[in-house]
Structure formats: structure tokens, C-alpha cells
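Visitor: In our numbering, the protein residues as written are 23 to 422.
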Amino acid sequence: MPFLSDTLSRIKPSATIAVTNMAAEMKAAGKDVIGLGAGEPDFDTPQHIKDAAKAAIDGGKTKYTAVDGIPELKKAICAKFARENGLTYAPNQVSVGTGGKQILYNALVCTLNPGDEVIIPAPYWVSYPDMVLLAGGTPVTVPCGIESHFKLTPEKLDAAITPNTKWLIFNSPSNPTGAGYTRTELKALTDVLMKHPHVWIMSDDMYEHLVFDDFEFVTPAQVEPGLYDRTLTCNGVSKAYAMTGWRIGYAAGPVALIKAMATIQSQSTSNPNTIAQWAAVEALNGPQDFLVEFRAAFQRRRNLVVEMLNAAPGITCPKPEGAFYVYPDISGCLGKTSGGGTAITDDESFAKALLEETGVAVVFGSAFGISPNFRVSYATSDAALTEACTRIQTFCRSLT
Ligand code: GLU
């Protein structure tokens with residue numbers, strides 16, 4: 023349509039959101055669908071957080087706030103960074119936005135000029151490259167396959183850096199693979215960045231609290247204090263506190279960048295929802311004990327899904343360190359035909375046939391930049407996961 027912008031023609035709708043919506047629509051139409059597409063915890067937001075939101079409404083905290091967050095929330099965020107990550111930030115180094123998405127987007131919009139490159143290890147979360155394109159930059163994706171456990175290596179990072187590189191987007195534990203970088207692995211990457219002072223690092227730590235088997239979460243500015251002045255440490259309450267719909271994300275970094283992000287926000291959305299900000303204060307300052315339960319449930323589900331998927335013919339499913347995703351490889355299924363007659367030529371046809379023939383919704387790997395794979399979000403009940411994996415096994419066995 024000629025009325026629409028050229029920018030729009032460079033991007034595509036979010037595949038994670040599209041699959042989630044499709045599964046919801048099919049369910050609403052009465053179909054027997056198990057949704058493993060949506061990347062959101064199935065747990066309810068803890069009661070004390072909901073109570074804080076209700077108290078905010080009753081207390082009349084319903085007006086505009088400072089554009090990039092109330093002082094109380096910025097203080098809680100500074101305390102969180104000190105307590106959990108050993109990072110010292112002042113409130114004027116903190117930005118709060120409408121979800122992690124807005125934070126990342128603001129940061130890219132206020133730093134990228136045409137020709138600026140952003141290194142994105144693949145598999146990546148679907149929105150990174152498109153956000154870079156929307157901001158006028160050039161995404162440089164670096165394939166990091168199953169052989170390197172879906173992780174970026176120092177050699178690959180070094181080779182991808184050019185004089186035009188502005189950012190590396192780093193995400194551990196990763197969406198879509200769940201892969202987490204150890205301190206040693208991350209230090210090897212930050213050592214490379216220390217040699218390239220023009221490159222900044224945007225660390226998306228959204229899955230920080232969802233790590234298993236005693237895996238130690240670390241973030242770049244903590245591992246290499248020499249990068250503190252060129253790191254934007256991003257996080258949010260969505261995944262850890264089961265607060266996806268509240269839309270509160272945040273980041274800490276150099277004052278000039280934080281100020282620029284506030285400028286973008288002041289001319290686009292203004293402050294994130296006031297009530298949700300008060301809920302986030304309680305999430306960060308309140309009891310953290312339920313996180314242990316959340317983690318235990320996710321670890322149990324990860325084990326269940328990894329074991330059942332590896333038992334499906336043609337599928338190889340690595341066991342990740344964190345998040346609530348697995349990213350199985352389906353090489354062994356390609357070139358076959360499903361029971362319903364669909365030729366499985368790639369991961370998109372696999373996911374489509376799986377949904378149509380078994381009612382299991384997953385996100386195809388090409389949306390995340392590494393194929394042939396699919397992403398499973400196992401943030402759903404053990405019973406639903408067992409049923410879904412049984413259907414996947416039956417589907418794979420039916421391929422001829
Ligand atoms: N981050 C989640 C996912 O990957 C939520 C949907 C989205 O924003 O992409 O599924």
C-alpha cells in the first residue's frame with residue numbers, strides 16, 4: 023500500500039506474538055490446542071504485588087509520573103542491581119519503560135545513525151533485528167549453532183566487529199534457546215570488547231532469575247567493570263515476577279544515554295503505567311522467596327520436555343541452563359512427509375503441520391535466525407507439557 027512507509031517494508035510482525043495469537047484464536051474457536059508459543063510464565067502475579075497495585079489505585083497514585091519512572095522505583099532498581107549483581111548505579115542512571123521492549127527500542131532509536139551496525143548473535147529473540155531496522159541501523163547477525171551450544175564465541179565476536187559497530191546485543195539466559203553464559207565464557211567476550219572501545223554492549227538480562235542446576239547468572243558490567251561506561255544493563259519484572267501484562271522494563275547505564283532515552287519516551291509514550299510502577303516497587307523490594315518455587319517448577323518442566331523431545335525420532339534437544347525455552351533441532355525430520363500429507367521441507371512447514379495435525383503450537387526456528395529448529399516455551403503445566411510432547415512424538419513417528 024503506497025500510503026505506508028518504506029521502514030515498514032523492512033520489518034515483519036513479531037512471530038512470537040503471531041503464534042501466540044493464532045493459538046489463542048484456535049482455542050477460542052473450540053479447537054484442542056496446546057500453546058507452547060507464548061514466552062510468558064503461567065503463574066499468577068504474586069498476591070503481595072497485586073495488593074501493592076490495589077493500594078496505589080486506592081491511594082490516588084493514578085496520575086502522570088516522571089517520564090522514565092517514579093523515584094521510588096528507581097531506588098528499588100538501584101538496590102536490586104547492588105544486591106543481586108554487585109553493580110552500583112545512581113537513580114539518574116536508571117530508565118523505566120513500558121516493558122523490556124520499550125527500553126531496548128528507546129536505546130536503539132537514540133543511538134543509531136544510518137550505517138551503524140548492531141551485532142546480534144543468532145538464534146536471537148525475534149524483535150532485536152527488527153528494532154535495529156526500525157531505528158535506522160543495520161543488524162549484523164552472527165550464527166551460533168548447536169555445535170557451540172547456541173553461544174557466541176570470542177573469535178566470532180572479534181570477526182564481526184567493524185569500525186561501524188555500535189552495539190553488541192547480549193542475552194543470557196537466552197530467548198529462544200535458554201543457553202546461559204558462564205562467567206568464563208562471558209569474560210572471554212568482554213575481553214574482546216575491551217580491545218574495541220567504540221563498541222557498546224546492551225545486555226538483556228530478562229531471564230536472570232530463571233537459571234537451573236546451580237548455574238550462576240552473571241552480567242557483563244559485573245564481569246568486566248572496565249565496560250561499565252559503555253554498558254546498558256536491561257531487565258524487567260515480566261518473567262521473574264510473572265508480570266508480563268503489567269509492562270515494566272528497566273535499564274541502567276551512563277547518564278547521557280539514560281537522558282536520551284527519556285527524551286525519546288517523553289515524545290512518544292510518556293511514563294509507563296503508574297499503577298504498574300508501584301507494583302514493580304513491591305516486586306523488587308518485597309519478599310523474593312517465591313522465586314525458588316518458580317525456578318523449581320521450571321527446572322522440573324525443562325527436564326520433562328528435554329527428555330520427551332529427545333525421545334521423538336528426528337529431534338535433538340539440548341538441555342539449556344535457563345529461561346523457559348528449549349530450541350530443538352529437527353534436521354532428522356526434513357525431507358519427510360507428515361501423516362496429514364505435508365512435505366516437511368523446513369522448520370516453518372514442520373511447525374505448521376504440527377499445529378494443524380496435532381494442535382501443538384510452537385514457534386518455527388527461522389523467526390529466530392537459526393534453522394531447522396523450533397522453540398518450545400515450557401511455561402505451562404506439567405500435564406499440558408506431557409500431552410504436547412506425546413503429540414510431538416506421535417507426529418514425528420508418523421513422518422515417512
Ligand atoms: N518475549 C516473549 C516471547 O519471546 C513475549 C512475546 C514477545 O514480546 O516476543 O515470546
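All C-beta atoms, glycine included, are put in the ideal place defined by N, C-alpha and C.
Taking 8 Å as the line, does the beta carbon of residue 42 fall inside it for any heavy atom of the ligand GLU?
Guide: Stepping through the sequence shown from its first residue, residue 42 is reached at position 20. It does: the Cβ of residue 42 is within 8 Å (strictly closer) of some heavy atom of the ligand GLU.
Visitor: Quick one: residues in its chain with C-beta nearer than 7 Å to the C-beta of residue 382, no 5 flanking neighbours on either side, listed in chain order?
Guide: Walking along the sequence shown from the start, residue 382 turns up at place 360. These residues qualify, in order along the chain: 56, 58, 376, 410, 413, 414.
Visitor: Quick one: give me the first and last residue of the beta strand (DSSP E) that residue 163 is part of.
Guide: Translated into the one-based positions of the sequence shown, residue 163 becomes position 141. Start and end: 160 to 165.
Visitor: Taking the beta strand (DSSP E) that residue 256 belongs to, which residues open and close that run?
Guide: The residue you call residue 256 lines up with position 234 of the sequence shown. If you look at residue 256, you'll find it in the beta strand (DSSP E) that goes 253 to 258.
Visitor: On a CA-only basis, which of 156, 205, 168, 211 is nearest residue 183? Give me that one, please.
Guide: Position 161 of the sequence shown, counted from the first residue, corresponds to residue 183. Of the candidates 156, 205, 168, 211, the one whose C-alpha sits nearest the C-alpha of residue 183 is 211.
Visitor: Who are residue 223's beta bridge partners in DSSP?
Guide: Sequence index remark: in the sequence shown, residue 223 carries index 201 (1-based). 190, 253.
Visitor: Does the distance from the CB of residue 253 to the CB of residue 103 come in under 9 Å?
Guide: The residue given as residue 253 occupies position 231 in the sequence shown. The residue given as residue 103 occupies position 81 in the sequence shown. Their beta carbons are not under 9 Å apart, which means residue 253 does not touch residue 103 by this criterion.
Visitor: Write down the C-beta distance between residue 117 and residue 272 rounded to the nearest angstrom, noting that I regard them as a contact closer than 8 Å.
Guide: Within the sequence shown, the letter at position 95 stands for residue 117. Within the sequence shown, the letter at position 250 stands for residue 272. 6 Å between Cβ atoms; contact.
Visitor: When you compare the CB positions of residue 174 and residue 127, do they come within less than 9 Å of one another, or not?
Guide: Position 152 of the sequence shown, counted from the start, is the residue given in the question as residue 174. Position 105 of the sequence shown, counted from the start, is the residue given in the question as residue 127. Going by C-beta atoms, residue 174 is not nearer than 9 Å to residue 127.
Visitor: Assign residue 173 to one of three DSSP states: helix, strand, or coil.
Guide: Residue numbering aside, residue 173 sits at position 151 when the sequence shown is read from its first letter. In this structure, DSSP gives residue 173 a state outside helix and strand, which the three-state scheme calls coil.
Visitor: Compute the minimum distance between the beta carbon of residue 193 and the heavy atoms of the ligand GLU, and state whether it is under 8 Å.
Guide: In the sequence shown, residue 193 corresponds to position 171, counting from 1. No, since every heavy atom of the ligand GLU falls outside the 8 Å radius drawn around the Cβ of residue 193.
Visitor: Run the proximity test for residue 199: is its beta-carbon closer than 8 Å to any non-hydrogen atom belonging to the ligand GLU?
Guide: Stepping through the sequence shown from its first residue, residue 199 is reached at position 177. No, the beta carbon of residue 199 sits no closer than 8 Å to any heavy atom of the ligand GLU.
Visitor: Mind listing, in chain order, the continuous alpha helix (DSSP H) runs of no fewer than 4 residues lying wholly within the region 250 to 313?
Guide: 277 to 288, 296 to 307
Visitor: Pull up the distance between the alpha-carbon of residue 121 and that of residue 244, whole angstroms please.
Guide: Counting from one through the sequence shown, the residue named residue 121 turns up at place 99. Counting from one through the sequence shown, the residue named residue 244 turns up at place 222. Computed Cα separation, rounded: 23 Å.
Visitor: Which residues does DSSP list as the beta-bridge partners of residue 338?
Guide: As a working mapping, residue 338 is identified with position 316 in the sequence shown. Answer is 351.
Visitor: I'd like the list of long-range same chain contacts for residue 160, defined as Cβ closer than 6 Å, with 5 residues on each side in sequence excluded.
Guide: Translated into positions along the sequence shown, residue 160 becomes position 138. Here the set comprises 139.
Visitor: Give me the residue from 281, 215, 303 with the minimum Cα distance to residue 258.
Guide: The count along the sequence shown starts at 1 and reaches residue 258 at position 236. Ranking 281, 215, 303 by Cα distance to residue 258 puts 303 first.
Visitor: Where DSSP assigns a beta bridge to residue 396, which residues make up the other side?
Guide: Within the sequence shown, residue 396 is the residue found at index 374, counting from 1. Answer is 386.
Visitor: What are the boundary residues of the alpha helix (DSSP H) that includes residue 40?
Guide: What you label residue 40 is simply residue 18 of the sequence shown in a count that begins at 1. Residues 37 to 50.
Visitor: For the candidate residues 34, 77, 342, 240, whose alpha-carbon lies nearest to that of residue 204?
Guide: In the sequence shown, counting from the first residue as 1, residue 204 sits at position 182. Answer by Cα proximity: 240.
Visitor: Let's see if you can read the secondary structure: which residues bound the beta strand (DSSP E) around residue 148?
Guide: Taking the first residue of the sequence shown as 1, we reach residue 148 at position 126. Element bounds for residue 148: n/a, residue is neither H nor E.
Visitor: Please determine whether the Cβ atom of residue 268 lies at a distance below 8 Å from any heavy atom of the ligand GLU.
Guide: Along the sequence shown, read from residue 1 onward, the residue named residue 268 stands at position 246. No.
Visitor: Give the DSSP bridge partners of residue 359, in chain order.
Guide: In the sequence shown, counting from the first residue as 1, residue 359 sits at position 337. 365.
Visitor: According to DSSP, is residue 328 part of a helix, a strand, or is it coil?
Guide: Taking the sequence shown and counting its residues from 1, one reaches residue 328 at position 306. The answer is helix: DSSP assigns residue 328 an H, G or I state.
Visitor: Can you check which of these residues, 201, 81, 132, is closest to residue 345 by C-alpha distance?
Guide: If you number the sequence shown from 1, residue 345 lands on position 323. Residue 345 has its Cα closest to that of 201, out of 201, 81, 132.
Visitor: Quick check on residue 32: buried or exposed, where buried means 16 or more other Cβ atoms within 10 Å of its Cβ?
Guide: Looking up residue 32 in the sequence shown gives position 10. Classification for residue 32: exposed.
Visitor: Report the three-state DSSP secondary structure of residue 183 (helix, strand or coil).
Guide: Position 161 of the sequence shown, counting from 1, holds the residue named residue 183. When secondary structure is reduced to three states using DSSP, residue 183 falls in the coil class, being assigned neither helix nor strand.
Visitor: Let's test the definition: count the other Cβ atoms within 10 Å of the Cβ of residue 29 and tell me whether it reaches 16, buried, or not, exposed.
Guide: Here residue 29 refers to the residue found at position 7 when the sequence shown is read from its first residue. So residue 29 counts as exposed.
Visitor: Decide if the region 144 to 153 is in contact with the region 282 to 298; the criterion is three or more beta carbon pairs, one per stretch, under 8 Å apart.
Guide: no
Visitor: Going by C-alpha to C-alpha distance, which of 364, 379, 71, 355 sits closest to residue 395?
Guide: What you label residue 395 is simply residue 373 of the sequence shown in a count that begins at 1. When only C-alpha atoms are compared, the closest one is 355.
Visitor: Suppose you measure from the CA of residue 220 to the CA of residue 106; what does that come to, to the nearest Å?
Guide: Sequence index remark: in the sequence shown, residue 220 carries index 198 (1-based). Sequence index remark: in the sequence shown, residue 106 carries index 84 (1-based). When rounded, the distance between both Cα atoms is 28 Å.
Visitor: Quick one: Cα of residue 306 to Cα of residue 37, how far?
Guide: In the sequence shown, the residue the question calls residue 306 occupies position 284. In the sequence shown, the residue the question calls residue 37 occupies position 15. Rounded to the nearest angstrom, the two C-alpha atoms are 30 Å apart.
Visitor: For the beta strand (DSSP E) containing residue 116, list its first residue and its last residue.
Guide: What you label residue 116 is simply residue 94 of the sequence shown in a count that begins at 1. 116 to 119 is the extent of the beta strand (DSSP E) around residue 116.
Visitor: So is residue 365 buried or exposed if we call it buried at 16+ other beta carbons inside 10 Å?
Guide: Sequence index remark: in the sequence shown, residue 365 carries index 343 (1-based). It counts as exposed.
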